[in-house]
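Participant:
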Amino acid sequence: MKIKEYGKDLEIAEVSDFDIAQTLECGQCFHFNRIDDHDYALAANGMLLHAAQTDTGIVLYDTDKGQYENIWRSYFDMDRDYSSIKEYLVRYDSRLEDAINAMGGVRILNQEFFETLMSFIISQNKQIPHIKQIVAQISHDYGTYLGDIAGQEYYAFPDCDTLYSNAGVEAFRACKTGFRAPYLWDAVCSVKEGRINERRLRTDGIAECLEELMQIKGVGTKVASCVALFSLGQTAAFPVDVWIKRMMEQMYFDGRETPKKVIESFAAEHFGEYGGFAQQYIFYYGREMSSKS
DNA sequence: GCCCAGGAGCAGC
DNA sequence: GCTGCTCATGGG
Numbered sequence: 001m002k003i004k005e006y007g008k009d010l011e012i013a014e015v016s017d018f019d020i021a022q023t024l025e026c027g028q029c030f031h032f033n034r035i036d037d038h039d040y041a042l043a044a045n046g047m048l049l050h051a052a053q054t055d056t057g058i059v060l061y062d063t064d065k066g067q068y069e070n071i072w073r074s075y076f077d078m079d080r081d082y083s084s085i086k087e088y089l090v091r092y093d094s095r096l097e098d099a100i101n102a103m104g105g106v107r108i109l110n111q112e113f114f115e116t117l118m119s120f121i122i123s124q125n126k127q128i129p130h131i132k133q134i135v136a137q138i139s140h141d142y143g144t145y146l147g148d149i150a151g152q153e154y155y156a157f158p159d160c161d162t163l164y165s166n167a168g169v170e171a172f173r174a175c176k177t178g179f180r181a182p183y184l185w186d187a188v189c190s191v192k193e194g195r196i197n198e199r200r201l202r203t204d205g206i207a208e209c210l211e212e213l214m215q216i217k218g219v220g221t222k223v224a225s226c227v228a229l230f231s232l233g234q235t236a237a238f239p240v241d242v243w244i245k246r247m248m249e250q251m252y253f254d255g256r257e258t259p260k261k262v263i264e265s266f267a268a269e270h271f272g273e274y275g276g277f278a279q280q281y282i283f284y285y286g287r288e289m290s291s292k293s
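Residues in the first sequence are numbered consecutively from 1, following UniProt numbering.
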């Protein structure tokens with residue numbers, strides 16, 4: 001991997017195991033838009049990024065080396081060796097081979113904790129396009145303007161203090177969050193009042209981390225696991241949703257209907273610290289297979 | 001109209 | 001501890 005600067009743009013060249021489309025479209029992130037094939041705009045860390053995949057690597061437009069080092073290097077998880085993770089997983093369990101071959105360009109993003117928490121509370125019982133719409137709405141109403149790309153305006157997701165001061169249950173309802181509105185407000189208050197502490201969640205073991213997150217109303221095992229995996233560096237987290245449940249039943253339970261709890265404990269035992277990576281390959285593979293059939 | 005969506009809380013066993 | 005119903009909203 002090499003970092004090259006071209007005028008105002010920057011390229012991550014000779015990069016492996018990184019597909020920008022797969023990484024953004026795999027359901028871990030809801031604050032981006034596809035502009036064209038392999039061409040995306042995303043809002044994260046209070047910044048707007050226009051990124052595209054080329055023949056030689058990933059181009060980050062209007063970005064300098066300092067911004068890359070401070071923000072995007074960590075955001076895109078560039079310091080992790082995905083080749084060795086994939087090799088390990090395939091060697092450990094050959095049933096993962098198809099999923100990893102098809103979805104090998106997925107990286108687990110290191111997203112901001114608060115936005116990720118709110119986004120996955122919104123996600124319950126909703127489809128991805130609508131989750132994105134609500135995240136954009138809350139950002140538009142309460143976040144700061146970041147700029148526009150391809151005629152689309154972008155706003156940063158508001159921080160916890162801003163929402164604590166300016167929003168409330170009715171405000172969240174106005175953003176079409178429905179029965180999740182009181183859950184979102186409880187999350188805001190829990191973070192603001194210090195009952196939920198990001199630093200502690202990061203150093204916790206996975207079990208304690210999930211347990212603490214589930215103190216928030218509207219946060220169950222699935223949402224807590226997503227927050228842990230996508231924003232707290234907890235790579236053992238293995239979120240089990242309807243898709244993963246179906247895939248796991250096919251791959252490991254002879255196609256039989258199996259309770260979520262059984263799948264969760266099987267995954268913890270079987271994949272251990274690599275659970276999160278295995279989960280993402282399986283999840284996205286399952287969804288893509290289904291959408292093409 | 002019907003069903004389902006990257007679920008979770010709650011009541012009733 | 002498990003099962004079933006309900007929650008608000010949008011899309012197929």
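Quick reminder that beta carbons are idealized off the backbone N, C-alpha and C, glycines included. Note that this is a predicted model, so its numbers are computed, not measured.
Name the DSSP beta bridge partners of L49, please?
Facilitator: L42
Participant: I'd like the span of the beta strand (DSSP E) that includes K292, first residue to last.
Facilitator: From DSSP, K292 is part of no beta strand (DSSP E) but of the alpha helix (DSSP H) over G275 to K292.
Participant: Could you compute how far the alpha carbon of G272 sits from the alpha carbon of C26?
Facilitator: Taking the CA atoms as reference points, G272 sits about 21 Å from C26.
Participant: Output the distance between the C-alpha atoms of R246 and D9, rounded to the nearest integer angstrom.
Facilitator: Roughly 42 Å between the two C-alpha positions.
Participant: I'd like the list of long-range same chain contacts for T56, defined as Cβ closer than 6 Å, with 5 residues on each side in sequence excluded.
Facilitator: A13
Participant: Contact defined as beta carbons within less than 8 Å: I believe residue 321 pairs with Q53. What is the distance between those atoms, to the nearest angstrom?
Facilitator: This structure leaves residue 321 out entirely; the chain is present only between 1 and 293.
Participant: Quick check on Q152: does DSSP put it in helix, strand or coil?
Facilitator: Q152: strand per DSSP, three-state reduction.
Participant: Which stretch, first to last residue, makes up the alpha helix (DSSP H) that contains E97?
Facilitator: In this chain, the alpha helix (DSSP H) harbouring E97 covers E97 to M103.
Participant: Where does D37 fall in DSSP's three states?
Facilitator: Reduced to three states, the DSSP call for D37 is coil.
Participant: Suppose you measure from the CA of A150 to the CA of N33; what does that come to, to the nearest Å?
Facilitator: 10 Å
Participant: By the 10 Å Cβ neighbour count, where 16 or more other Cβ atoms means buried, how is G194 classified, buried or exposed?
Facilitator: Classification for G194: exposed.
Participant: Over the uninterrupted alpha helix (DSSP H) stretch that includes D141, give me the two end residues.
Facilitator: I128 to Y142
Participant: Starting from the C-beta of V240, find all residues in its chain whose C-beta is less than 7 Å away, skip the five residues before and the five after it, and write them out in chain order.
Facilitator: If we look at V240 and ignore the five residues flanking it on each side, its Cβ neighbours are K222, K260, I263 and E264.
Participant: Give me the Cβ distance between E11 and V59, rounded to the nearest whole Å; I'm assuming they're in contact under 8 Å.
Facilitator: That belief holds up - the Cβ atoms of E11 and V59 are roughly 5 Å apart, short of 8 Å.
Participant: Could you give the DSSP three-state label for F76: helix, strand or coil?
Facilitator: coil
Participant: Using only the alpha-carbon positions, how far apart do A207 and A236 sit?
Facilitator: So the two alpha carbons sit approximately 10 Å from each other.
Participant: Let me know the secondary structure DSSP gives V219 once reduced to three states.
Facilitator: coil
Participant: Would DSSP call F157 helix, strand or coil?
Facilitator: coil
Participant: Could you tell me the distance, in whole angstroms, from the CA atom of N45 to the CA atom of Q67?
Facilitator: Computed Cα separation, rounded: 11 Å.
Participant: Could you tell me the distance, in whole angstroms, from the CA atom of P182 to the CA atom of Q152?
Facilitator: 30 Å
Participant: Mapping the DSSP letters down to three states, classify A236 as helix, strand or coil.
Facilitator: coil
Participant: Starting from L117, trace the alpha helix (DSSP H) both ways and give me its first and last residue.
Facilitator: F113 to I122
Participant: Do you know offhand how far E198's Cα is from K126's?
Facilitator: C-alpha separation (whole angstroms): 26 Å.
Participant: Excluding the 5 residues flanking Y82 on each side, which residues of the same chain have their C-beta closer than 7 Å to its C-beta?
Facilitator: D17 and R107
Participant: Excluding the 5 residues flanking Y252 on each side, which residues of the same chain have their C-beta closer than 6 Å to its C-beta?
Facilitator: none
Participant: Under the DSSP definition of a beta bridge, which residues are partnered with G57?
Facilitator: A13
Participant: Shortest alpha-carbon distance to W243 belongs to which of T258, L229, Q234 and S231?
Facilitator: T258
Participant: Report the rounded CA-to-CA distance for F113 versus Q133, giving the unit in angstroms.
Facilitator: 19 Å
Participant: Can you tell me the Cα-Cα spacing of M118 and L213, whole angstroms?
Facilitator: 12 Å
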